[in-house]
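A.B. asks: I'd like to ask you about the structure that follows.
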Amino acid sequence: MARTRRPLIAGNWKMNGLKADALALASGIADGVRQTGWTDREVLICPPATLVMAVAEAVKGSGVLVGGQNCHAKPSGAHTGDIAAEMLRDCGAACVIVGHSERRTDCGETDADVRAKAEAACRAGLLPIVCIGETLAEQEAGMTFSVLANQLKGSVPAGATAAKLVVAYEPVWAIGTGKTPTIAEVAAAHAHIRKVLDGLMPDAAGVRLLYGGSVKASNAAELLAAGDVDGALVGGASLKVDEFLAIAKAV
Ligand SMILES: O=C(CO)COP(=O)(O)O
């Protein structure tokens, strides 16, 4: 059956990559995508902020999209060390990840912060990828669905529409651990997310929902085939050309 939502395979490089290796990685991915001529899926790479401009240049014309990993809510001002969504856009980015659990933990980002960042992304013409997910303790306490609902209600931008929102479900306990939920659990979480979104926006059926957390070439096909999964947000496995392209092929 044809998919109604265009799958998105996104690589989050996190705090990895010096210029030479990062450009080789970006060029390798761009070459691979160029050879396939894919029009039925989107491939996105999100390098560290220092490399957004160079990576955008390196993948130009390949169809590969480039994104940031965070942005400030304001367009400019006295915010030392921060980067505005407009600046990412100016460097060639098309998307930005907001509310990743590592930022929620490391930087104390709240749902309200994440919403403000997602709204900033939309203001700047970037597609926000809003990350949500439960911790291990929350999962063990049977709170997964309520945590996801609260995060969505708190962090989805006001007036969101499907064309201007991607949601990534990343169970915190699955990130970088090699552990993943069962396929049934992924499908149930994604169905729940779509149901919650349905109460928050007019066209929730069109929103792309990505799964993230220990996605690799060997498990991508079954995770991507799960109900309501429209792509993946990939960490460690996005740092190897062949592994990342294999995940994109698995759609
Ligand atoms: O956090 C992630 C992507 O944003 C997932 O990381 P891993 O794929 O390394 O588990």
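Numbering (the numbering used here), first residue to last: -2 to 248. Every residue, glycine too, gets a C-beta built ideally from N, C-alpha and C.
Pull up the DSSP beta-bridge partners for Gly14, would you.
C.D. replies: According to DSSP, which records beta bridges pairwise, Gly14 is partnered with nothing at all.
A.B. asks: State yes or no: is the beta carbon of Asp195 nearer than 7 Å to at least one beta carbon in chain C?
C.D. replies: The chain inventory of the structure shown lacks chain C, comprising one protein chain alone.
A.B. asks: Can you tell me which of the three DSSP states Gly228 falls into?
C.D. replies: strand
A.B. asks: Do you know how far the Cα of Arg112 is from the Cα of Gly96?
C.D. replies: 8 Å
A.B. asks: If you reduce the DSSP assignment to three classes, tell me which class His187 lands in.
C.D. replies: When secondary structure is reduced to three states using DSSP, His187 falls in the helix class.
A.B. asks: Between Pro125 and Val93, which are expected to be in contact by the criterion C-beta below 8 Å, what is the C-beta distance as a whole number of angstroms?
C.D. replies: 6 Å
A.B. asks: Could you pull out every residue in the same chain whose Cβ sits closer than 6 Å to the Cβ of Ser152, ignoring the five residues on either side in sequence?
C.D. replies: Gly96, Asp108, Val111, Arg112, Val127
A.B. asks: Consider the C-beta atom of Glu130 and the heavy atoms of ligand 1; say whether any pair is separated by less than 6 Å.
C.D. replies: One detail in the question is off: residue 130 reads as Gly in this sequence, not Glu. No - ligand 1 has no heavy atom lying nearer than 6 Å to the Cβ of Gly130.
A.B. asks: Can you tell me whether Asn216 is helix, strand or coil according to DSSP?
C.D. replies: DSSP places Asn216 in helix when its eight states are reduced to three.
A.B. asks: Please confirm whether any heavy atom of ligand 1 lies closer than 6 Å to the CB of Val111.
C.D. replies: no
A.B. asks: Near Arg38, which residues of its chain fall below 8 Å by C-beta distance, leaving aside the five closest residues on each side in sequence?
C.D. replies: Arg3, Pro4, Leu5, Ile6, Gly228, Ala245, Val248
A.B. asks: Should Ser215 be labelled buried (16 or more other beta-carbon atoms within 10 Å of its own) or exposed?
C.D. replies: exposed
A.B. asks: Which residue marks the beginning of the alpha helix (DSSP H) containing Glu116, and which one marks its end?
C.D. replies: 108 to 121
A.B. asks: Secondary structure at Ala75, three-state DSSP: helix, strand or coil?
C.D. replies: In the displayed model, Ala75 falls within coil according to three-state DSSP, outside both helix and strand.
A.B. asks: Pairs of beta-carbons, one from the region 138 to 145 and one from the region 187 to 204, closer than 8 Å: are there three or more?
C.D. replies: yes
A.B. asks: Pick out the complete beta strand (DSSP E) segments inside the region 2 to 51, 3 residues or longer, and give them in chain order.
C.D. replies: Those beta strand (DSSP E) runs which fall completely within the region 2 to 51 and span 3+ residues are 5 to 9, 39 to 43.
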